[in-house]
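Q: Could you have a look at this structure, given as structure tokens, before my questions?
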Amino acid sequence: MRVIIAEDEALLREGLIHVLENDGFEVVAAVGTASAWEEEIARLEPALAITDIRMPPTHTDEGLLAAVRMRRRYPEMGVVVLSQHVQRRYATELMGARPGGAGYLLKQRIADVRTFTVDLRRVAAGGTALDPEVVEVMVARAGRLDGAVGALTPRQLEVLALMAQGRSNAGIAASLVLTEKAVVQHTSRIYDALGLPLDADDHRRVLAVVRYLDVAGAPARPRGS
Amino acid sequence: MESAPTNRAAIRQTAVRRTATGQTAWVRRWQSGPLDRALVVIVVLGALVGVIELAAVPSHPATADALVAFCLVFWIWLATGVLAWWRRPSNGTGPLIVWGAIALCLGGLNNMSWPVLGTVSALFATTIFAVTVHLLHAFPSGRVQGRLSRGVVVAGYIVATGLDVVGVVLEAIGAPNVDALQALLGLAVMVTTAVVLARRLTATDRRHRRVLLPLSLYGIIAVLGVVIAPRVLAETAPSLIGIVQLVLLAGLPIAFALGIRAGAFTRTTALEALSAWLAVGGATRPAVERALRTTLGDDALTVVYWSAEREVFVDAAGATVIEQLPGRHRARVPVRVGGRLVGAIDYDSRITDDPRIVARAGDVLAIAIDRERLIAELTVSNDELMQSRRRIIEAAYGERTRIARDLHDGLQVQLVLLAIEAQAIAGLAPRGANVVGADVVAAAEHLRSGIDAAAAELRRLVHNVMPAPLRERGLVAAVEELVDRLEVPAALDADIDESQLSSATVHTAYFVVAELVTNAVKHAEARSVRVRIGRSGGRLLLVVEDDGVGGARVGAGAGLRGVEDRVEALQGAVEIVSPRRGGTRVGVELPCV
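Which chain is which? The protein sequence lines are R and V, in order. So in the working numbering, spot 54 of the first sequence is number 54, and the numbers just go up one at a time. Just so we're on the same page, the working numbering is the position in the second sequence counted from 1, plus 1000.
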């Protein structure tokens, strides 16, 4: 799978290339700025593009802004944003209105190579990968502000968090040591509790859950569909 | 009959006592000054002389009209002169007009058939014209300025009174009179005066033109009219000459009064009033300047203070006064205390032409000016202190940013790389080949998760030092993140344009809100928190409210003291409302820049 990387820290860039190539990815370009990343994407049209958020010249959020642009321009391409720190606002900005093909992970996740590469492949295939930490913040916040989320059982909250991370029913079943059937039961109860419409499409399911969590506590705005 | 004046005195005393500012007190004290009494005497004498003249009317039917006319014009001049004298004791105009009134009175005495009076009157027959010329040249400062003007005024007195005396002597010895010569020279003086006045009017600025216009314009008409009237009327109506001249003269004080209304002669006070004002005490900064402006009748007057350290003049705020080139009408008089320069008075030399008057006023106020100089110095050092506090706090934020960046670029990256290495070791060991291999895999993965835990700890630390969203997105994004992670339900209302906020304000606002919400959760046992961020003009407003136990106060812990310190360093304000069991509401106001 052809991948382009943007990371301004040279050592980390090399480490990332090493991890990816060891796992069978083909790193076709590795650059140090967001603008170079965008140019390489336009030139090489990879299946997956990975970028750091904070990069030259301003060292603020140029990586995220570039990722949002690239996602809009190349809907078929998977885009993964890496950062030292995760927050709700960036997650929802990256996801936007289009389901799938997006990932937002802490840099520290790179080291857990197996999980990391699985997440990358899922994003490249049109799925979603939200970092467990940002999902945890979102679920906890929604639990405090939203009665429906607050009323879920601990097990249901676990399932909800894994859904928000972008895991499939099979993935959720594996990590919670449940049968897939049990996971389906949990998800449908969660859907009922939150008033979300049932959707067979996994990608749209993630988007709906994330948008629901994002707007929790803001009753004036319509909830995600 | 006895009680009325006593009552009035009592009322007056109360009024003096009741004044808090002291201003009314010194004005009142001044009212019973010696000048006041002298002016009253002048008015009474003038009224008496006029009444005597009017009393002579029945016995002088031939000159009755002239007597009445002279008396009225005399009164008009006298009243205007006394008024001007009272309003501006230090200005020569008032006495000059009173002198004109006396000259008029003496000049008109020949209308009474008393021989001695006739001679005296002849000596002063045309003096009023010289006084008129003098008055016109001296207005509004009361002193004649410029060589030409001085020459014209002196010439006026010589032509008028000088030639009158010569005429009286010549008449006594039976020689021919000098009336023709006097008329010719008088014409020259009057025409020159008209030209000088016209030139002054055109050369001056708008504000002064407004002041000068009534008297100068009328003066031009009057001096020309006075000399033209005899020539025009000599053939047709010689009896009208005197009347026309008197009417023209009567108009002068009226034009002068109009000039007063235009601001040339605002009420001023004598120097002794300044001394009295000093005794009142409690004078604040603008007071000395205000007192001097009132005393000298100069609205543009300013007081500057000498900074010995910087060797420049400074204003009340301690800012260096840019040395203005001595404009044509700006003058400066230094003020000293015991020979030591403490300040200076900048004034308009058109309004007060005698520097000695300003210097005397400065002497009286020297101590007060010195005190104001010290206040200005304190203001400066206080400003410097505030600026230094701000710099310290900005430096602290700069340090935090640097530490966070160093950790982010250095340690965090290294921890990721170390974790990758640990994972790589786990990958190298042949899985399940033997017990040692399995142990290595387990140990390497354990190491990797240990490094991940350390990285998570470091992330929290970096976030506390300087949160990433604050640097990347600004205040609202950072506070939103703070609120997201709070352990209790929290609401954030923020709708502001952050583009104009200084970085010191943004950082202070963030750390203040962070401290306050932490207090709410940890100490106030709040069940919910509400944060509001707004703007009002140039101020950033923060409100953090909770429904906790209340009773919060500064000094109870380091938290609120730290908040106050941060806010005060930027010259902001903190308001804490925290009744027991009533929740806590902290409002903070910060300058946007």
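Backbone N, C-alpha and C fix where the C-beta goes; we use that ideal spot for every residue, glycine too.
Are any of the Cβ atoms in chain V nearer than 8 Å to that of glutamine 87 of chain R?
A: Working through the first sequence from its first residue, we reach residue 87 of chain R at position 87. Answer yes: the Cβ-Cβ gap between glutamine 87 of chain R and chain V drops below 8 Å somewhere.
Q: Identify which residue in V:Trp1306, V:Pro1489, V:Ile1425, V:Ala1569 has its Cα closest to the Cα of tyrosine 1397 of chain V.
A: As a first step, residue 1397 of chain V is located in the second sequence; it is residue number 397 there, counting from the start. Looking at the Cα atoms, V:Ala1569 is the closest of the given residues.
Q: For a cutoff of 8 Å on Cβ pairs, would you count glutamate 1568 of chain V as touching chain R?
A: In the second sequence, counting from the first residue as 1, residue 1568 of chain V sits at position 568. With 8 Å as the cut-off, glutamate 1568 of chain V does not count as an interface residue toward chain R.
Q: Just to confirm before moving on: does the CB-CB distance between histidine 203 of chain R and glycine 100 of chain R stay below 8 Å?
A: Counting from 1 along the first sequence, the entry for residue 203 of chain R is found at position 203. Counting from 1 along the first sequence, the entry for residue 100 of chain R is found at position 100. Yes.
Q: How big is the Cα-Cα spacing for leucine 120 of chain R and arginine 1566 of chain V?
A: In the first sequence, counting from the first residue as 1, residue 120 of chain R sits at position 120. In the second sequence, counting from the first residue as 1, residue 1566 of chain V sits at position 566. The alpha-carbon atoms of leucine 120 of chain R and arginine 1566 of chain V are separated by roughly 45 Å.
Q: Judging by CA-CA distance, which residue of V:Ile1241, V:Val1223, V:Pro1238 is the nearest neighbour of glycine 1251 of chain V?
A: Here residue 1251 of chain V is taken as the residue at index 251 of the second sequence, counted from 1. The shortest C-alpha separation from glycine 1251 of chain V is found at V:Val1223.
Q: How would you label leucine 7 of chain R, buried or exposed, when you count the other beta carbons within 10 angstroms and need 16 or more for buried?
A: Position 7 of the first sequence, counted from the first residue, corresponds to residue 7 of chain R. At residue 7 of chain R the sequence reads glutamate, which differs from the leucine that was named. Answer is buried; the Cβ neighbour count reaches 16.
Q: Hey, which unbroken runs of the beta strand (DSSP E) at 3 residues or more fall wholly within the segment 1092–1117 of chain V?
A: Listed in chain order, there is nothing to give.
Q: From the DSSP secondary-structure annotation, give me the bridge partner or partners of aspartate 52 of chain R.
A: The count along the first sequence starts at 1 and reaches residue 52 of chain R at position 52. Answer is R:Leu82, bridged to aspartate 52 of chain R.
Q: Going along the segment 1459–1472 of chain V in order, which residues come within less than 9 Å of chain R, judged by CB to CB distance?
A: So the close ones are Arg1459, Val1462, His1463, Pro1467, Ala1468, Pro1469, Arg1471, Glu1472.
Q: Quick one: residues in its chain with C-beta nearer than 7 Å to the C-beta of glycine 1551 of chain V, no 5 flanking neighbours on either side, listed in chain order?
A: Within the second sequence, numbered from 1, the residue matching residue 1551 of chain V stands at position 551. Cβ within range, chain order: Ser1578, Arg1580.
Q: Report the residue from V:Gly1142, V:Leu1072, V:Ser1059, V:Asp1065 whose alpha carbon sits nearest the alpha carbon of valine 1092 of chain V.
A: Numbered from its first residue, the second sequence carries residue 1092 of chain V at position 92. Sequence check: residue 1092 of chain V is glycine here, not valine. For glycine 1092 of chain V, the nearest C-alpha among the options comes from V:Gly1142.
Q: Could you spell out where the beta strand (DSSP E) holding glycine 1343 of chain V opens and where it closes?
A: As a first step, residue 1343 of chain V must be located in the second sequence, where it is residue number 343. That run of the beta strand (DSSP E) goes 1340–1348.
Q: Which first and last residues belong to the beta strand (DSSP E) in which phenylalanine 1256 of chain V is found?
A: By 1-based counting over the second sequence, the position of residue 1256 of chain V is 256. Here phenylalanine 1256 of chain V belongs to no beta strand (DSSP E); instead the alpha helix (DSSP H) covers 1238–1259.
Q: If you count every other CB in all the chains shown that lies within 10 Å of the CB of isoleucine 190 of chain R, and 16 or more means buried, which is it?
A: Within the first sequence, residue 190 of chain R is the residue found at index 190, counting from 1. Isoleucine 190 of chain R comes out buried.
Q: Residues in its own chain within less than 7 Å of glutamine 156 of chain R by CB, not counting five upstream and five downstream?
A: In the first sequence, residue 156 of chain R corresponds to position 156, counting from 1. Answer for glutamine 156 of chain R: His186, Arg189, Ile190, listed in chain order.
Q: Among the residues of its own chain, which have a CB less than 7 Å from the CB of proline 137 of chain R, if the five just before and after it don't count?
A: By 1-based counting over the first sequence, the position of residue 137 of chain R is 137. Inspection of the sequence shows that residue 137 of chain R is occupied by valine rather than by proline. Correct list, in chain order: Arg88.
Q: Can you give, in chain order, each stretch of the alpha helix (DSSP H) that sits fully within the segment 163–224 of chain R and has at least 4 residues?
A: If we require 4 residues or more, the alpha helix (DSSP H) runs fully inside the segment 163–224 of chain R come out as 169–176, 180–194, 202–215.
Q: Would you list, in chain order, the members of the segment 1474–1487 of chain V that have their beta-carbon closer than 7 Å to a beta-carbon of chain R?
A: Flagged, chain order: Ala1477, Glu1480, Glu1481, Asp1484, Arg1485.
Q: Can you tell me where the beta strand (DSSP E) with threonine 1584 of chain V in it begins and where it stops?
A: Mapped onto the second sequence, residue 1584 of chain V falls at position 584. That run of the beta strand (DSSP E) goes 1584–1591.
Q: Taking C-alpha atoms, which residue in R:Arg141, R:Leu213, R:Val19, R:Tyr74 lies nearest to alanine 164 of chain R?
A: In the first sequence, counting from the first residue as 1, residue 164 of chain R sits at position 164. Of the candidates R:Arg141, R:Leu213, R:Val19, R:Tyr74, the one whose C-alpha sits nearest the C-alpha of alanine 164 of chain R is R:Leu213.
Q: Tell me, please, whether the CB atom of arginine 144 of chain R is closer than 8 Å to any CB atom in chain V?
A: Indexing the first sequence from 1 puts residue 144 of chain R at position 144. At least one chain V Cβ lies under 8 Å of arginine 144 of chain R.
Q: Could you tell me the distance, in whole angstroms, from the CA atom of threonine 1320 of chain V to the CA atom of valine 1314 of chain V?
A: Residue 1320 of chain V sits at position 320 when you count from the first residue of the second sequence. Residue 1314 of chain V sits at position 314 when you count from the first residue of the second sequence. Cα to Cα, threonine 1320 of chain V sits roughly 4 Å from valine 1314 of chain V.
Q: Cβ atoms of leucine 1411 of chain V and leucine 1458 of chain V: under 8 Å apart, would you say?
A: The sequence position of residue 1458 of chain V within the second sequence is 458, counting from 1. The sequence position of residue 1411 of chain V within the second sequence is 411, counting from 1. It is a contact, given that the beta carbons lie within the stated cut-off.
Q: At least one CB of chain V closer than 8 Å to the CB of leucine 12 of chain R: is that the case?
A: In the first sequence, the residue the question calls residue 12 of chain R occupies position 12. True, the Cβ-Cβ gap to chain V drops below 8 Å.
Q: Would you list, in chain order, the members of the segment 93–120 of chain R that have their beta-carbon closer than 9 Å to a beta-carbon of chain V?
A: Answer set for the segment 93–120 of chain R: Leu106, Lys107, Gln108, Arg109, Ile110, Ala111, Asp112, Val113, Arg114.
Q: Taking a cut of 7 Å between CB atoms, which residues from the segment 144–173 of chain R lie near chain V?
A: Answer in chain order: Arg144, Leu145.
Q: Is the shortest distance between the beta-carbon of proline 1591 of chain V and the beta-carbons of chain R less than 8 Å?
A: As a first step, residue 1591 of chain V is located in the second sequence; it is residue number 591 there, counting from the start. Not an interface residue.
Q: Since proline 1334 of chain V sits in a beta bridge, which residues does DSSP pair it with?
A: Along the second sequence, read from residue 1 onward, the residue named residue 1334 of chain V stands at position 334. BP columns for proline 1334 of chain V point to V:Ala1344.
Q: Based on Cα-Cα distance, which residue from V:Ala1130, V:Leu1067, V:Asp1353, V:Leu1212 lies nearest to isoleucine 1243 of chain V?
A: The count along the second sequence starts at 1 and reaches residue 1243 of chain V at position 243. For the residues V:Ala1130, V:Leu1067, V:Asp1353, V:Leu1212, the minimum Cα distance to isoleucine 1243 of chain V belongs to V:Leu1067.
Q: Nearest-angstrom Cα distance between alanine 102 of chain R and valine 1529 of chain V?
A: Residue mapping note: residue 102 of chain R aligns to position 102 of the first sequence, counting from 1. Residue mapping note: residue 1529 of chain V aligns to position 529 of the second sequence, counting from 1. For alanine 102 of chain R and valine 1529 of chain V, the distance between alpha carbons rounds to 33 Å.
Q: Alpha carbon to alpha carbon, how far is alanine 1255 of chain V from leucine 1054 of chain V? Give it in angstroms, no decimals.
A: Residue 1054 of chain V sits at position 54 when you count from the first residue of the second sequence. Residue 1255 of chain V sits at position 255 when you count from the first residue of the second sequence. Going from the Cα of leucine 1054 of chain V to the Cα of alanine 1255 of chain V covers about 26 Å.
Q: List, in chain order, every chain R residue whose beta-carbon is nearer than 9 Å to that of histidine 1408 of chain V.
A: For the purposes of this step, residue 1408 of chain V is taken as the residue at position 408 of the second sequence. Those within 9 Å of histidine 1408 of chain V in chain R are Arg54, Gln84, His85.
Q: Note down the Cα distance separating histidine 1463 of chain V from valine 1436 of chain V, rounded to an integer number of angstroms.
A: Here residue 1463 of chain V is taken as the residue at index 463 of the second sequence, counted from 1. Here residue 1436 of chain V is taken as the residue at index 436 of the second sequence, counted from 1. C-alpha separation (whole angstroms): 40 Å.
Q: Evaluate glycine 1219 of chain V with the Cβ neighbour count: other Cβ atoms within 10 Å of its Cβ, from every protein chain shown; 16 or more gives buried, anything less gives exposed.
A: The count along the second sequence starts at 1 and reaches residue 1219 of chain V at position 219. Counting Cβ neighbours within 10 Å, glycine 1219 of chain V comes out buried, since at least 16 surround it.
Q: Closest Cβ-Cβ distance between glycine 15 of chain R and chain V: below 8 Å?
A: Position 15 of the first sequence, counted from the start, is the residue given in the question as residue 15 of chain R. Cβ-Cβ to chain V under 8 Å: yes for glycine 15 of chain R.
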